[in-house]
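Participant: The opening position of the sequence shown corresponds to residue 161 in the numbering used here, with each subsequent residue numbered one higher. Handing you this structure, nothing more for now.
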Amino acid sequence: MEFNWHLNPNDLLAVEQIVNRMWDLAIKHDIPTGEKINLHMDLTACHNHACPLDLQKLLKAPDFDFMHDVLGIGRHLNRETGQLEDCFLPRCARPEHA
Numbered sequence: 161m162e163f164n165w166h167l168n169p170n171d172l173l174a175v176e177q178i179v180n181r182m183w184d185l186a187i188k189h190d191i192p193t194g195e196k197i198n199l200h201m202d203l204t205a206c207h208n209h210a211c212p213l214d215l216q217k218l219l220k221a222p223d224f225d226f227m228h229d230v231l232g233i234g235r236h237l238n239r240e241t242g243q244l245e246d247c248f249l250p251r252c253a254r255p256e257h258a
């Protein structure tokens with residue numbers, strides 16, 4: 161599968177803010193997350209291929225829900241197909257997808 165890595169400027173900014181917030185939380189709670197680029201690519205692939213996200217809702221989510229979505233995407237994203245597996249649905253999925 162060929163992935164679409166393009167994000168509009170607003171979504172790109174939101175994904176960068178999400179990655180930075182997750183990075184800070186991972187350091188604070190000693191959670192292994194891999195590299196920032198991996199978080200960015202997982203979120204972009206999910207948003208563009210598996211499940212459109214309400215990125216602003218995710219940014220504003222409480223830490224527990226935020227980490228559930230970001231870490232869940234990382235765990236359940238099939239990096240060959242771009243789809244989420246194991247019936248995982250992010251809490252901040254856009255309503256039309258949920």
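For glycine and all other residues, C-beta sits at the position ideal for the given N, C-alpha and C. On a predicted model such as this, the values are computed, not experimentally measured, just so you know.
Classify M182: buried if its beta carbon has 16 or more other beta carbons within 10 angstroms, exposed otherwise.
Facilitator: buried
Participant: Keeping to the same chain, check which residues put their C-beta closer than 7 Å to that of Q177; ignore five residues upstream and five downstream.
Facilitator: Excluding positions up to five away in sequence, the list reads L219.
Participant: Leaving aside the five residues before and after A186 along the sequence, list all residues of the same chain whose C-beta is less than 6 Å from its C-beta, in chain order.
Facilitator: Answer for A186: T193, listed in chain order.
Participant: What is the rounded straight-line gap between the Cα of I233 and the Cα of A210?
Facilitator: 10 Å
Participant: Please report the straight-line C-alpha distance between H228 and P250, rounded to a whole angstrom.
Facilitator: 8 Å
Participant: Could you check where the alpha helix (DSSP H) with G242 kicks off and where it finishes?
Facilitator: Boundaries cannot be given for G242, as no alpha helix (DSSP H) includes it and DSSP labels it neither H nor E.
Participant: Since W183 is in the alpha helix (DSSP H), which residue starts that stretch and which ends it?
Facilitator: 169–189
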